[in-house]
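Working notes, structure below.
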Amino acid sequence: TVWYEEEDGKFLVIVEDNGTGVREDELEALRDKLFGADDFLMERSGVVNIHQRLRIRFGPDYGLRVEKRKQGGTRFIMVLPGISGEETPEKG
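As structure tokens, then:
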């Protein structure tokens, strides 16, 4: 499922699945890759590369978040600057 939301002046693009999700240790490892102190020295996966490019372009408040869904599955949230004064696309 894919949709968008606005939160605190930010535009969120949310992608989630309803599968079994990731184990807690895998989730923490991915978060460490996204927000680790030595992130410029480590191997780059596509997800980490996208996260870093968003932070470089828009600042440290933006990028990717990853969460486990309570109902099962995984959720990725892309945090972008809000769209001010423009129409936002329809949810779908």
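According to my numbering, the stretch in the sequence shown is residues 6 to 97, in order. All C-beta atoms, glycine included, are put in the ideal place defined by N, C-alpha and C.
Rounded to the nearest angstrom, what separates residue 95 and residue 33 at their Cα positions? In this predicted model, residue 95 has a pLDDT of only 48, less than 50, meaning its place in the structure is not dependable enough to derive any value.
For the alpha helix (DSSP H) that residue 68 lies in, which residues bound it at each end? That residue, residue 68, is in no alpha helix (DSSP H); its beta strand (DSSP E) goes 68-73.
Reduced DSSP secondary structure (H/G/I, E/B, other) of residue 28: coil
So, helix, strand or coil for residue 55, using DSSP? helix
Name the residue from 35, 21, 12 whose alpha carbon lies nearest to the alpha carbon of residue 53. 35
Specify, as a first and last residue, the run of the beta strand (DSSP E) that residue 79 falls within. 79-86
So, under 8 Å CB-CB, residue 21 and residue 74 are touching, yes? Tell me the CB distance rounded to an integer number of Å. 6 Å
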